[in-house]
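For the record, in the sequence shown the residue sitting at position 198 is 198 according to the UniProt record's numbering, with numbers rising by one throughout.
Beta carbons are placed, not taken as given, at the ideal position from N, Cα and C, and that holds for glycine.
Take a look at the structure set out below.
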Amino acid sequence: MTTSVVEPKGRRLMPRWGDYGRPRELVVRYLLLLLVLGLTVGPLLWQLLASLKGTSEDVFGADATLLPHHPTLRAYRTVFDQVPVWSYIKNSLIVVALSVTSQLVFSTTAGYMLSKPDWKGRKAVWVVLVASMMFPFESIMVSLFISIRDLGLVDSLAGVWLPGFVGAINVLLMRGAFLAVPREIEDSAMLDGANEWQRFRYLYLPSAWGAIMVVVINTFISAWDDFLWPLIVLRSESHMTLTLGLSRLQSSSFGYDQRMVMAGSVISVVPVLVLFVITQRWFYKGVSSGAVKL
């Protein structure tokens, strides 16, 4: 005697093959996903495997293999012995902490003000912010350096942080998240006696938690991975950030060991991956909830 599952009327218990499209479309979709996965994760995986190779194994060339025959952490130990990695990490964390703090403070407050329709000049500020995003960093790099030099901040971590203390894209992201808060809820809070700061603190900020996490992640990645601006501003080794300091592994003074270069690249990217894995749920939620609205 056999039993069968009867689906309730108007409701399907199990998805059918046709729900995901035709078989050919499904195969193409997964092939594209595998291609994107290979292009994004492939280089990082190759760097990790190359950093685990011994001195007798080739990283490049016809005899090079993908998997290490005798995996070893020698390259990582050598990097930590020859380069002040912990000092570089401390400098990068200082810049990241300053950047995340300033971005959160200024992007949330500016985004909150831009979400208010009852003040003059809001459209003009909006246009200026959008227009500022049209200019690449390289076009204003020289003027920024002159400003930092006149302020006496060359070869300092403050000089690395100051040009990126707030970003227009983060302000617009927070504005879009605050616009999603229904006006009726704010009116009810005003009737209950809540002032401007209380509405901002207890109403708007909790509702924009996803967008706030996007700001934190984007700022962390941007400040941690920044190489060009620290290269221009910093001079002494004691002030170097991690990406700038580890780039010295490619110089002849360290013998240009390809395994050490790969190990340095893996060390610099691990904190970003850990942060993203921990906060990815809020990141994807914030991307959808903080869409820019006109």
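Rounding to the nearest angstrom, what Cα-Cα distance links LEU32 and LEU234 in this structure?
42 Å
Whole-Å CB distance - SER102 paired with PHE165, under 8 Å assumed:
4 Å
Nearest neighbour of LEU228, chosen from ARG22, PHE145, LEU98 [CA to CA]
PHE145
Give the straight-line distance between the Cα atoms of LEU93 and ILE169, rounded to the nearest whole angstrom.
22 Å
Whole angstroms are fine: how far does the CA of VAL130 sit from the CA of THR241?
30 Å
Looking at ASP150 and SER236, is the spacing between their C-beta atoms short of 8 Å?
no
Report yes if the C-beta distance between THR108 and LEU173 is below 8 Å; otherwise report no.
no
With distances taken between CB atoms, is the gap from TRP197 to VAL95 smaller than 8 Å?
no
CB of LEU45 within 8 Å of CB of PRO68, strictly:
no
My guess is that MET262 and SER51 are in contact by the Cβ rule of under 8 Å, so how many angstroms apart are they, rounded?
4 Å
Taking buried to mean at least 16 other C-beta atoms within 10 Å of its own C-beta, is ILE217 buried or exposed?
buried
Are the Cβ atoms of TYR88 and LEU246 separated by less than 8 Å?
yes
Sequence-distant residues of the same chain with beta carbon closer than 6 Å to MET133, five excluded per side
ALA168
Which whole-angstrom value describes the C-beta separation of ARG175 and LEU104, a residue pair presumed to lie in contact below a C-beta threshold of 8 Å?
At roughly 14 Å, the Cβ-Cβ gap does not stay under 8 Å, so ARG175 and LEU104 are not in contact.
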